[in-house]
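K.L.:
Protein chains in written order, with this note's numbering: chain U, 1 to 266; chain F, 1001 to 1568.
The structure is given below, and queries will be raised subsequently.
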Amino acid sequence: METVTITMKNPPALYLEADNVSPDVFAGKTAAQIAELHVHEGNVTSTLGKYFEISGNAGATASDTKIIVKGDMKRVKYLGFKMSAGEIAVESSTDQYAGAWMKGGKMLVKGNVDAFAGTAMKGGELTIEGNAGNYLGAAYRGDWRGMSGGKILVKGNAGSDLGMYMTGGEMIINGNVDVHVCTHAEGGKVIIKGNAKTKIGGQMVGGDIFVFGTIDVMMPGFKPAGEQELEVDGVKAKFSHYIGDTGERHKKRKGQVIYGNLYKKI
Amino acid sequence: MSEYIIKNGHVFDPVQGIKGDKADIAIKDGKIVDKVGSGAKVIDARGKTVMAGAVEIHAHIAGPKVNMGRIYRPEDKLFTCTPTKGMERMGGGNSIPTTFKTGYEYAKMGYTTAMEAAMPPLFSRHVHEEIRDTPIIDEAAFPVFGNNWFVMEYLKNKEVENTAAYIAWLIRVTKGYAVKVVNPGGTEAWAWGLNCLSVNDPVPYFDITPAEIVKGLIEANEFLGLPHSLHIHPNNLGNPGCYETTLDTLKLAEGFKAKNKFGREQVMHLTHSQFHSYGGTNWGDFESKAKEVTDYVNKNKNITIDTGNVTLDETTTMTADGPFEHHLTGLNNLKWANIDVELETGSGVVPYIYSPSISVCAIQWAIGLEIALMMKDPMRCYITTDHPNAGPFTRYPRVIKWLMSTKAREAQINAFKHKDKVLSQTSIGSLDREISLYELAQMTRAGPAKSLGLTSMCGGLKPGMDADVAVYNFNPDQPVANPDDIEKAFSRCSHVFKSGVQVVTNGEIVSNGHKRTLWVNAKVKENPQVMRDINEKFLKYYSMTQANYEALGHHFVPNPYTIEVDAT
């Protein structure tokens, strides 16, 4: 695997949209060619080379390419946008849309990410060692197509509205989460090792949520459905099971009304 | 103003009957002329197709419901934004583009006139503000009348003259163009939680039937002699078996004759007929009844139609047919917006995906094409996608490709997941007609211009008409190797002139032109009763005063083109 290292040398004054920083776009290009790729600062289009020092050539294909991103990336959006293979390692915190519409490959962020990380993700692995912002693995604004596959791991906390319109894939949050978890979800699995606040699972018609810590207030649309002994992410424990959201208009599959599942560790 | 001469192009002009002969088109002072001086700028159109600027007869491109779609569908703009470039301002959106993108996209495809098909009179000022912000193309808007309290009260008592006086007043204050009817009576019934699914379903409270509303409005329209006829979206849109309601509606035009000074021959324009030509009893045995509908229209010369072709895209449906949109959101479970417009109309907005892997969508696609191919007189059948309901208007080149090439149609049929169902439920497989360029010019230029009563102005290349000219990179002398070349050629014009101003060169916008808003000023005898009724309704029911209702010229219609009608 070939490694390309891009290091921030001239931090942008405005936010930078770097949707070309992905192994798919870099594949088959030399350092000089990569420096010519477009980025957008505000409404001005310029080149990657203006902001970054680039060293190393990319591999022939995306899966053969690893990108290491160094320096202050707090004002850079869309890293790993639509990537389908290969690897990206971001050594600091980054702004919105990290790994958005990701289809495959691996992305690692050693700091925090802002909102919309893993938006409408289809596959691959996104690991965030710090905290995640709002709308983690959610649908784009206004859209109804959320995360449908892949895996997101957050070692810190996550913000609100994670997994909105989720239909598949898996999300593990080691810390706490804010309000509105898995709103409108139809599938997938979310494991929250810390605490959750209110409005968890609102309008959900499928999928599973596991909460290891506390839930501030349960949604009124969730009904208790007994207790279960389960093994979740290597932890064996007793969970109380709730189904919901019974307040959502009934969605039927093969004639059966379907609901999501919420499991809370006892 | 500059002079131009477009030389050696293959000209297709149904107004003068030119069928692809080489001819020179001269432009001077915004008009087509016989000849120009030697200093005129020469445009070489050798091996290219020259037609008049196209006329869009039915699209939803300005106004509150379009904006509702823009507001609640930010995802429609995702990855579609274009930055500022030369003369072009930034734009975005696919099925509901921004006003600027709307103007540019129409111009790049060679369209120079477009009609906003449903203006809620109460929000006419919003419609005109958006029309004002849409560059290049001339526009007009049709106010909706089919669920208007005044109209229903007058027609209940068969007061045609009062209806006409009210129409004249409303068209004048809203700067409208024609009488549009959407689901007559049904949208008012929707305010009571009901609908009118046939022409004989009574409207609650008003106790009038859609048939009475439609007949009365045709009569009032001909009483006034407006340039366009009644423009109707009948009851029961989009349901299996709806073709019967459509035929019942078309029969209401029997016996009426056009009475106007604009050369219009029809008394009823049936819009997006694809949505009204469904047979079957449910979505399982859903089938095409395009033959039944086109047979009727072929026989009755006082009706024109447009197609409403499904383009197999993700789009946003929006119509003043409120109950239908509620029905639709129940089918696809996506988001829904519903708006009630006081005494006048209502509307709904729902996103919709016409997926090639769903049999119903594929059959809808076939029905739209069947209608265009089964209509014998291209002067009475126009190409639309009911933008954005059946697909965005930017897909017109693709629709043209399907109409002009059986090969392209076959390729699409073979790509459908439920190919057998499309072939068994429609007759698209047996239709081998290919639309010629001359017929295309009739369906997109001369035809709609005639139907709109604009024959003296646009839709042709006769000297004296406005110099709206489109030059396409399409050589009619050479056989089409690949149907996609047709789509490519009609997507981006080589040159477009709007009122004598060159607005497009090589597919790029080079001028924002001088766009105009067309509206009709109909004069009627003074009618104190109608004026008193209007005054009373504003005092009693409207949420705004009469003084704030009018779309005043200067701000809302900065560059008007007024068509005068005298019905005194």
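By construction, the Cβ of each residue, glycine as well, lies at the ideal position given by its N, Cα and C atoms.
Quick caveat: nothing in here was measured; it's all calculated off a predicted structure.
1) Using three-state DSSP, classify Thr-1102 (chain F) as helix, strand or coil.
2) Is Gln-1442 (chain F) closer than 8 Å to Gly-1368 (chain F) when the C-beta atoms are compared?
3) For chain F, find out if any of its Cβ atoms is closer than 8 Å to the Cβ of Asn-43 (chain U); answer yes or no.
4) Which full runs of the alpha helix (DSSP H) of 4+ residues lie inside the region 1106–1164 of chain F, going along the chain?
5) Report, in whole angstroms, the separation of the C-beta atoms of Val-1399 (chain F) and Thr-1311 (chain F), which I expect to be a contact under 8 Å.
6) Kindly list the residues whose CB is nearer than 7 Å to the CB of Leu-1437 (chain F), restricted to its own chain and excluding five residues on each side of it in sequence; keep chain order.
7) How should Trp-1365 (chain F) be labelled, buried or exposed, when 16 other C-beta atoms within 10 angstroms of its C-beta is the threshold for buried?
8) Name the chain F residues that come within less than 8 Å of Arg-141 (chain U), Cβ to Cβ?
9) By the three-class DSSP mapping on this structure, what secondary structure does Phe-1256 (chain F) have?
10) Grouping DSSP H, G and I as helix and E and B as strand, with all else coil, what is Leu-230 (chain U)?
11) Using the Cα positions of Val-1203 (chain F) and His-1128 (chain F), report the straight-line distance between them to the nearest angstrom.
12) Step through the CB atoms of chain U and report whether any lies within less than 8 Å of the CB of Pro-1083 (chain F).
13) With three or more C-beta pairs closer than 8 Å as the rule, is the region 1331–1339 of chain F touching the region 1256–1266 of chain F?
14) Pull up the distance between the alpha-carbon of His-1058 (chain F) and that of Glu-1116 (chain F), whole angstroms please.
15) According to DSSP, is Gln-1502 (chain F) helix, strand or coil?
16) Using three-state DSSP, classify Gly-1216 (chain F) as helix, strand or coil.
17) Could you pull the start and end residues of the beta strand (DSSP E) that Asp-1021 (chain F) belongs to?
18) List the residues of chain U that Leu-1331 (chain F) touches, going by C-beta distances under 9 Å, in chain order.
19) Taking Cβ-Cβ distances shorter than 7 Å, what residues in chain U pair up with Leu-1078 (chain F)?
20) Any Cβ of chain U within less than 8 Å of the Cβ of Leu-1454 (chain F)?
21) My output table needs one value for Ala-1045 (chain F): the three-state DSSP class, helix, strand or coil.
22) Would Ile-173 (chain U) be called buried (16 or more neighbouring beta carbons within 10 Å of its own) or exposed?
23) So does the region 1397–1415 of chain F actually touch the region 1456–1475 of chain F, counting three or more Cβ pairs closer than 8 Å?
24) May I have the straight-line CA-CA distance separating Gln-132 (chain U) from Asn-112 (chain U), to the nearest angstrom?
25) In the DSSP output, which residue or residues are listed as bridge partners for Pro-1351 (chain F)?
26) Beta-carbon separation of Gly-202 (chain U) and Thr-183 (chain U) under 8 Å?
27) As a quick exercise: from F:Arg-1046, F:Gln-1016 and F:Gly-1047, pick the residue whose alpha carbon is nearest that of Ile-1032 (chain F).
28) Closer than 7 Å by beta-carbon distance: list the chain U residues that pair up with Leu-1334 (chain F), in chain order.
29) Looking at the secondary structure, which residues open and close the beta strand (DSSP E) in which Phe-1012 (chain F) lies?
30) Could you round the C-beta distance between Phe-26 (chain U) and Ala-60 (chain U) to whole angstroms and report it? I think they count as a contact, below 8 Å.
31) Run through the DSSP bridge pairs and tell me what Phe-239 (chain U) is partnered with.
32) For Met-1087 (chain F) versus Ser-1511 (chain F), is the C-beta spacing smaller than 8 Å?
33) Just to check my reading of the structure: Ser-1347 (chain F) and Ala-1320 (chain F) have Cβ atoms closer than 8 Å, yes? What is that Cβ distance to the nearest angstrom?
34) Can you tell me whether Gly-207 (chain U) is helix, strand or coil according to DSSP?
35) Return the first residue and the last residue of the alpha helix (DSSP H) that Pro-1560 (chain F) is part of.
36) Have a look at Asn-1482 (chain F) and Gly-1308 (chain F) and give me their C-alpha separation to the nearest angstrom.
P.N.:
If we stick to the structure as given:
1) Looking at Thr-1102 (chain F) - three-state DSSP - the assignment turns out to be helix.
2) Their beta carbons are not under 8 Å apart, which means Gly-1368 (chain F) does not touch Gln-1442 (chain F) by this criterion.
3) Yes, Asn-43 (chain U) lies at the interface with chain F (some Cβ there is under 8 Å from its Cβ).
4) Annotation: the region 1106–1164 of chain F contains the following complete segments of the alpha helix (DSSP H) (minimum length 4 residues), in chain order: 1124–1133 and 1149–1156.
5) Correct: roughly 7 Å between the Cβ atoms.
6) Within the same chain, Leu-1437 (chain F) has close Cβ partners Phe-1012, Gly-1020, Thr-1049 and Pro-1476.
7) Trp-1365 (chain F) is buried by the Cβ-count criterion.
8) Neighbours of Arg-141 (chain U) on chain F, chain order: Pro-1074 and Glu-1075.
9) Reduced to three states, the DSSP call for Phe-1256 (chain F) is coil.
10) Leu-230 (chain U) carries a strand assignment under DSSP once its states are collapsed to helix, strand and coil.
11) Looking at the backbone, the Cα of Val-1203 (chain F) and that of His-1128 (chain F) are separated by about 31 Å.
12) Judged by the 8 Å Cβ criterion, Pro-1083 (chain F) is in contact with chain U.
13) The count of Cβ pairs closer than 8 Å, one atom from the region 1256–1266 of chain F and one from the region 1331–1339 of chain F, stays below three, leaving the stretches out of contact.
14) His-1058 (chain F) and Glu-1116 (chain F) have their C-alpha atoms spaced approximately 6 Å apart.
15) In this structure, Gln-1502 (chain F) counts as strand in the three-state DSSP scheme.
16) Under the three-state reduction of DSSP output, Gly-1216 (chain F) falls in the helix class.
17) From DSSP, the beta strand (DSSP E) with Asp-1021 (chain F) extends over 1018–1028.
18) For the C-beta of Leu-1331 (chain F), not a single chain U residue is nearer than 9 Å; the gap to the nearest is close to 13 Å.
19) The answer, in chain order, is Tyr-140.
20) Judged by the 8 Å Cβ criterion, Leu-1454 (chain F) is not in contact with chain U.
21) Coil at Ala-1045 (chain F), not helix or strand.
22) When all chains shown are included, Ile-173 (chain U) counts as buried.
23) The region 1397–1415 of chain F vs the region 1456–1475 of chain F: no contact.
24) Per the sequence shown, residue 132 (chain U) should be read as Ala rather than Gln. Their backbone Cα atoms lie some 6 Å apart in a straight line.
25) Secondary-structure assignment with DSSP links Pro-1351 (chain F) through a beta bridge to F:Thr-1316.
26) Yes; because the gap between Cβ atoms is below 8 Å, this pair is in contact.
27) Ranking F:Arg-1046, F:Gln-1016 and F:Gly-1047 by Cα distance to Ile-1032 (chain F) puts F:Gln-1016 first.
28) Trp-144, listed in chain order.
29) For Phe-1012 (chain F), the enclosing beta strand (DSSP E) begins and ends at 1004–1013.
30) Cβ-Cβ separation between Phe-26 (chain U) and Ala-60 (chain U): approximately 11 Å, too far for a contact (criterion under 8 Å).
31) According to DSSP, Phe-239 (chain U) bridges with U:Gln-228 and U:Lys-265.
32) Closer than 8 Å, so yes.
33) About 5 Å separates the two Cβ atoms, so the contact holds.
34) In this structure, DSSP gives Gly-207 (chain U) an extended state, which the three-state scheme calls strand.
35) Membership of Pro-1560 (chain F) in any alpha helix (DSSP H) is not indicated; the residue belongs instead to the beta strand (DSSP E) covering 1560–1566.
36) Asn-1482 (chain F) and Gly-1308 (chain F): Cα-Cα distance of roughly 25 Å.
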